């Protein structure tokens, strides 16, 4: 019988609690310490994480020197998907706030996503994605956000700024002309759609299966600058 085996615990900066990495049979699972929110992610169901990058990267792949930013490394599947759909001259920056998550991806998690951190086009930064957004106006062709459970912060209340009107406006300023923003969420949120419009985006809610073509569905907002 499969059981959860705790492999490591990684503190979230600024007194944000901690993330726990579990082995569950042949899969890995990340949960919040204390069990709040259940499973945040696992290596068996990552269809929506793949789509978060595939949708925008397919549209910008023909651009010379395409440059994209991913907020949240997670289990590496969004990064792997971005690299799969971008050209050899692309650059993919990943902002990950929790140092332990980066180490997990360099260690036991890496093989599950195809070791994307070993790709020379990838650069992972132990940094808050909000700081990168504000420091690089017109710096990116696409931005992909998966730093929490969606527009309402679950793992870290400081993430709420990123999904606010100010945060989304910062995303708009960080994008190049015809830039794209995609945002992952466990569920739909009408108020968030309205905020995207106020920030200058034409947004569409896309429902994506977490695994194959069945089971739970997640929401991805696919946004283009107006």
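Numbering (the numbering used here), first residue to last: 639 to 864.
Ideal placement from N, C-alpha and C gives every residue a C-beta, glycine not left out.
Model, not experiment: these values are computed from the prediction.
Taking a contact as a CB-CB distance under 8 Å, the pair residue 858 and residue 822 counts as one, their CB atoms being some 6 Å apart. Around residue 843, the same chain offers 826, 831, 857, 859 as residues with beta carbons nearer than 7 Å, after the five sequence neighbours per side are excluded. For residue 738, no beta strand (DSSP E) segment is defined; the enclosing uninterrupted segment is the alpha helix (DSSP H) at 737 to 744.
Using a Cβ distance threshold of 8 Å, residue 754 and residue 714 count as a contacting pair. Residue 743 and residue 824 have their alpha carbons spaced roughly 22 Å apart. In its chain, beyond the 5 residues on either side, 812 have a beta carbon closer than 7 Å to the beta carbon of residue 774. In the three-state scheme derived from DSSP, where H, G and I count as helix and E and B as strand, residue 856 is classed as strand. Annotation for residue 855: 845, 847 place their beta carbon closer than 6 Å to its own, counting only its chain and skipping 5 residues before and after. Taking C-alpha positions only, residue 661 is separated from residue 642 by approximately 6 Å.
DSSP lists 819, 841 as the beta-bridge partner residues of residue 861. Uninterrupted beta strand (DSSP E) stretches at least 3 residues long and entirely within the stretch 663 to 721 occur at 665 to 670, 677 to 680, 705 to 709, given in chain order.
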